[in-house]
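Residue numbers (our numbering): 143 to 251. For each residue, glycine too, the CB sits at the ideal point set by N, CA and C. What follows is a single structure, written as structure tokens, with notes after it.
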Amino acid sequence: MLIIAVVQDQDVNRLLAKLMEKGYSATKLASTGGFLRQGNTTLLIGVEQESAVPEVVAVIKEVCRTRKRVVSPVATGEQALSTYIPTPVEVEVGGATVFTIKVESLEKI
Ligand code: 2BA
143 MLIIAVVQDQ
153 DVNRLLAKLM
163 EKGYSATKLA
173 STGGFLRQGN
183 TTLLIGVEQE
193 SAVPEVVAVI
203 KEVCRTRKRV
213 VSPVATGEQA
223 LSTYIPTPVE
233 VEVGGATVFT
243 IKVESLEKI
């Protein structure tokens with residue numbers, strides 16, 4: 143099984159430490175959220191047994207926090223040419239977005 147978790151940068155070190163402590167392997171990828179266009183982190187966590195998924199998800203739930211971000215919309219098109227003043231918008235970013243996928247094979251070469 144492959145667990146893909148998009149998490150906030152602030153939670154990554156604690157999350158990786160907990161996962162390693164419990165014997166899981168993970169790969170950390172720098173990513174960017176499509177909506178906020180700000181950095182976040184994507185972890186690829188491969189586990190051999192499907193039964194390990196709930197434990198990994200529980201660790202993610204324990205570590206990752208929901209936070210509020212204030213974003214200023216970027217002016218586009220005609221707005222950019224006018225006296226448009228962007229109003230900051232508050233967005234709640236979830237603790238993690240988690241996808242779980244069945245893996246056909248895992249080969250280490
Ligand atoms: P972003 O795309 O930068 O989104 C950050 C937060 O902005 C989202 O938090 C959500 O609260 C809000 N948001 C996203 N799209 C929106 C929209 N069209 N209108 C209003 N608000 C919107 P989360 O939902 O917790 O997502 C956090 C990050 O997880 C996302 O960063 C993205 O990188 C990833 N993600 C979330 N859903 C995904 C999906 N279905 N597929 C792939 N990645 C996803």
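- [ ] Counting only the same chain and skipping the five closest in sequence on each side, list residues whose C-beta sits under 6 angstroms from that of F241.
- [x] Here residue 241 refers to the residue found at position 99 when the sequence shown is read from its first residue. The residues are I146.
TODO: Could you say which of P230, A168, V216 lies nearest to S224 if we only look at CA atoms?
DONE: Translated into positions along the sequence shown, residue 224 becomes position 82. Closest in alpha carbon position to S224, among P230, A168, V216, is V216.
Task: Contained alpha helix (DSSP H) runs [length at least 4] in the stretch 186-229, N- to C-terminal order - done: Here the runs fully enclosed are 195-205, 219-223.
Open item on the list: Under DSSP, the beta strand (DSSP E) around V245 begins and ends at which residues?
Closed with: For the purposes of this step, residue 245 is identified with residue 103 of the sequence shown, where counting begins at 1. Looking at the DSSP string, V245 is not in any beta strand (DSSP E), and its letter there is neither H nor E.
Open item on the list: So, with DSSP's three-state summary, where would you put L144?
Closed with: Stepping through the sequence shown from its first residue, residue 144 is reached at position 2. Three-state DSSP puts L144 in a strand.
Task: Minimum C-alpha distance to S214 - residue among V198, D153, R179, V201 - done: Numbered from its first residue, the sequence shown carries residue 214 at position 72. Of the residues V198, D153, R179, V201, the one whose Cα lies closest to the Cα of S214 is R179.
Open item on the list: M143 and I243 - do their beta-carbons sit closer together than 8 angstroms?
Closed with: Numbered from its first residue, the sequence shown carries residue 243 at position 101. Numbered from its first residue, the sequence shown carries residue 143 at position 1. Yes, Cβ-Cβ distance for I243 and M143 is below 8 angstroms.
TODO: Report back the beta-carbon spacing between Q150 and V235 to the nearest angstrom; my notes put them in contact at under 8 angstroms.
DONE: The residue labelled residue 150 in the question sits at position 8 within the sequence shown. The residue labelled residue 235 in the question sits at position 93 within the sequence shown. Between V235 and Q150 the Cβ distance is about 6 angstroms, and since that is below 8 angstroms, they are a contact.
Task: Beta carbon of L112 nearer than 8 angstroms to that of T169 - done: In the structure as shown, the chain starts at 143 and stops at 251, and residue 112 therefore has no counterpart that could be examined.
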